[in-house]
Amino acid sequence: MGTSTAFATFVGRREELATTRQLLSASRAVTLTGVGGVGKTRIAEQLVAHLQADDREVWFVELADLAEPSLLGNVVATELGLQAPPGPWTNSYLTDYLAERPGLLVLDNCEHLLTEVADLVSAVVERCPQIQVLATCRMPLGIAAEVVLQISPMAVPGDLGALDPTTVGQVDAVRLFVDRARNALPGFALTEANTAAVSEVVVALDGLPLALELAATRVRTLSPEALAIRLHDRFGVLAHGFRDAPGRHQSLEASVDWTYALCSEEEQLLWARLSVFAGGFDLEAAEVACSGDGVDRARVLDVLSTLVDKAVVTRLTAASSRFRMLETLRDYGLRRLGEAEGSQYWRERHRDWAAGLVDEAWESWAGPDQASWLERLDAEHANLRAALDLSDQTPASAATGQRICCRLQTYWVATGQLSEARMWAGRMLAHPGGADQDRAELLVMCAFMAAMQLDLPAASALLDEAEPLVQALDNDVLRGSFQYAGGLVRIYRRDFRGGLELELESVAAFRRTDDRFGLLRSLHSCALSLGFVGEVDRATAMSDELLALCERTGESYVRSHALWARSLKAILDGDLELGRTTSKQALELSWSLRDQVGIGLRLEGLSWLAAKEGRDEHAVTLLGAAAAVWRRLGVPADRAPFVGAADDVVPHRTAGPVELPEQYARGQELGLADAVRVALEGIEPVAPGASAAGVANLAPLTKREVEIAALVADGLTNRAIATELFLSDRTVQGHVQNILRKLDLSSRAGIASWFVRRTGAADPRA
């Protein structure tokens, strides 16, 4: 029996072993598939050991070194103890021998003999009723009787911070690394000092067993911390394996080379081009960014399908239309792309695809599909960052980056990524030259983001720089955006009359254009300003116009803000029932969009309502929850957008954080999902962390995955979650992918909905 490198211990894979045995109990032919080095052979060997212990007849045939397909039958016959036939080999020679025999035939490493193995297995299944076949292959055999079990990389830990070594040490990928490290360096142990570094190593290597075993040998000369740092060159670091291992397992690169060599030219080209995607992609994106020059667009679906079969590309979940590559395979693809002529061209194609996606989202924003667009852009966040990063590399590319920045502004505001928006805008503005129109738009957008964070000196300076460009260009959309941002700055400085003047000019400018979203948000700001200066009738009329336009277009984002403004007026007028109804409607809409700014404002509004009703503890709890939102957005809690201005006209509370510090602290500790639930249901908040800690009701997620799911439900991006929990972006991304896989979901919105359902919160989208 041919075997892989022998180790004294077999680590993990209990679920895969049990599933394989279960499939073999009901099926005649089972194929274990997966990327090279994922452990297919080890699982087959372990299964064989169990079966042989039960005195079952098992034949294990190692095919990796067989280069001549016509000799397949001879190799199998030799393993079975048969003499080679006197004439040409036929499958019937084998099937006649096995026809009345019971047993399991294991064919290991079949990928380079796919057609011959498929024919052989079909014949055995058809003619040998007591024989079962277990094959290991990097792709399915493609026969009717076959049941395929794809073997995934091992589970990785969910934290790169200082976790308990006992907890981390129970994760399969860590267990394997530590076990093999002890073989290389007796006495090696997982400690509080190295747990974070070991976790980083196994996450960086995707939990791929071969990579983990190769990395473990390096502990003879490198500490886990040093090893983690060097894994940016994973193929160089993991270049030397065990002398008794098969050639394809001598190094990480050799393993991937084996897979690459089994791919057609079309598959190799698409593999390399798909590596430009960060964080995943869908079929349409692959067709747009990767087709041409050897891969026709009409062929992308078929070629992508074969890459999925070969485990080069992974479908995120059964219900998902998104795909990704393990970082090891993506890194390999990028290297291949870099070796080819025109590699920059494919990166630019990816950037242009991202720019086109953002253009489409911008043009469609003021309509009924806002939630879908936010979900789509959130899924592509890593790709958008990659496109912006490429745009930042040369002045010639900066124009595309400027356009992407400007047209992502609604996404960045709705998802609370104001600081990131300003960072990218600042980098694009640093490039000299470019069209005046593009620069003016970006200056105004950046000023708007600064104003939203109440960085008013920066906002004013940006507007001052933009003003001569706006004046010279004579573009009503640009002028309307400029006046809108300027009006916000004045309002936040308590200059309500001055702010109103600019907002009225903004409305007038947008009425001369077909920019619906620009008009809607200017109408909203103008209506609020009118209310602040006491022109209630004009404010009401403008608010009515705004809501009618939102209803007509199916727009939700501005509508939620308009309903909030209406709720404030109702509270001031003493119509508390109307204030409650409209506040809740506004909050439900904001939650459905995961609009961070909107949710903060709605929590503030319901806090005012509770104070008017004499429910001081509830009011202060919601005030604390709102303060937590502002903190995440980088906004001073006491001067949040419009809230600080509204404090001049809304009656002061009878109690606040000073009077009720415990309630305020409790509100600050509520996650976004819990805060929304408390606000909507009007009930006393749960104890800090109680909802998120309801782990017994949140199987099959681990404690850390529950924590991540709660933050996803709070509307945080991977970067924000990483900052909150002191993790790396890659670790958070791995957690999110694990959650999607375990729950068979396809999007972050799905995680949020699942979480609020399981923790008792009412998901407004349900």
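Sequential numbering of the sequence shown, starting at 2, is according to our numbering. In this text, a Cβ means the ideal position worked out from N, Cα and C, and glycines have one as well.
Given a length threshold of 4 residues, each whole run of the alpha helix (DSSP H) inside the region 446-532 is given here in chain order: 457-474, 477-493 and 497-512.
Counting along the chain, Val62 sits inside the beta strand (DSSP E) bounded by residues Val59 to Glu63. DSSP places Gly104 in no alpha helix (DSSP H) but in the uninterrupted beta strand (DSSP E) bounded by Gly104 to Asp109. Around the beta carbon of Glu442, a 10 Å sphere encloses 16 or more other beta carbons of the protein chains shown; the residue is thus reported as buried. Out of Leu228, Gly35 and Pro662, the CA that lies nearest to the CA of Ser256 is found in Gly35. Within the model, the alpha-carbon separation for Ala65 versus Tyr261 is close to 15 Å. About 6 Å separates the Cβ atoms of Gly159 and Thr703, confirming a contact at the 8 Å cut-off. Excluding sequence positions up to five before and after Ser523, its CB lies within less than 7 Å of the CB of Gly481, Tyr485, Glu504, Ser507, Val508 and Phe511, all in the same chain and listed in chain order. The three-state reading of DSSP puts Glu254 in helix, counting H, G and I together.
Counting only unbroken stretches of 3 or more residues, the beta strand (DSSP E) elements lying wholly within the region 135-223 are 147-151, in sequence order. Assigned with DSSP and collapsed to three states, Ala436 falls in coil, not helix or strand.
For Val157, the closest C-alpha among the options Gln371, Glu706, Leu712 and Asp715 is that of Glu706. Between the region 533-548 and the region 579-587 there are fewer than three inter-stretch CB-CB distances shorter than 8 Å, so the stretches are not counted as touching. With respect to Ala216, Leu239 sits close: the two C-beta atoms are nearer than 9 Å.
Residues Tyr665, Gly668 and Gln669 of the same chain have their beta carbon placed closer than 6 Å to that of Gly625, with the five preceding and five following residues left out of the count. Counting along the chain, the unbroken alpha helix (DSSP H) around Arg348 starts and ends at Ser344 to Ser365. DSSP lists no beta-bridge partner residue for Ile405. Leu501 is a Cβ neighbour of Val534, given a cutoff of 9 Å. Ranking Trp609, Leu607, Trp631 and Lys570 by CA distance to the CA of Asp596 puts Trp631 first. Here Ala212 has Gly38, Leu206, Arg235, Leu239, Leu253 and Thr329 as same chain residues with Cβ atoms under 8 Å from its own Cβ, once five neighbours each way along the sequence are excluded. When the Cα atoms are used, Thr732 and Val314 turn out to be separated by approximately 20 Å.
Within the DSSP secondary-structure output, Thr718 pairs in no beta bridge.
Per DSSP, Ile740 has no beta bridge partner at all.
Collapsing the DSSP output to three states places Arg567 in a helix. For Ala30, DSSP records a beta bridge to Val134 and Glu147. Put simply, the backbone Cα of Thr21 is about 8 Å away from that of Leu150.
Leu661 counts as buried, since no fewer than 16 other beta carbons sit within 10 angstroms of its beta carbon. It is roughly 26 Å from the alpha-carbon of Ala462 to the alpha-carbon of Ala397.
Taken atom to atom, the span from the alpha-carbon of Met453 to that of Phe178 is near 47 Å. Taken atom to atom, the span from the alpha-carbon of Arg300 to that of Leu634 is near 44 Å. The way I'd put it, the region 552-564 does touch the region 363-373; three or more beta-carbon pairs between them come closer than 8 Å.
According to the DSSP secondary-structure assignment, Thr315 is paired through a beta bridge with Arg325. DSSP places Phe11 outside both helix and strand once states are collapsed to three, so it counts as coil.
CA-CA distance, Cys291 to Thr79, rounds to 46 Å. Ser568 and Ala587 do touch by the CB rule: their CB atoms are close to 6 Å apart, below 8 Å.
The count of Cβ pairs closer than 8 Å, one atom from the region 128-142 and one from the region 184-198, stays below three, leaving the stretches out of contact.
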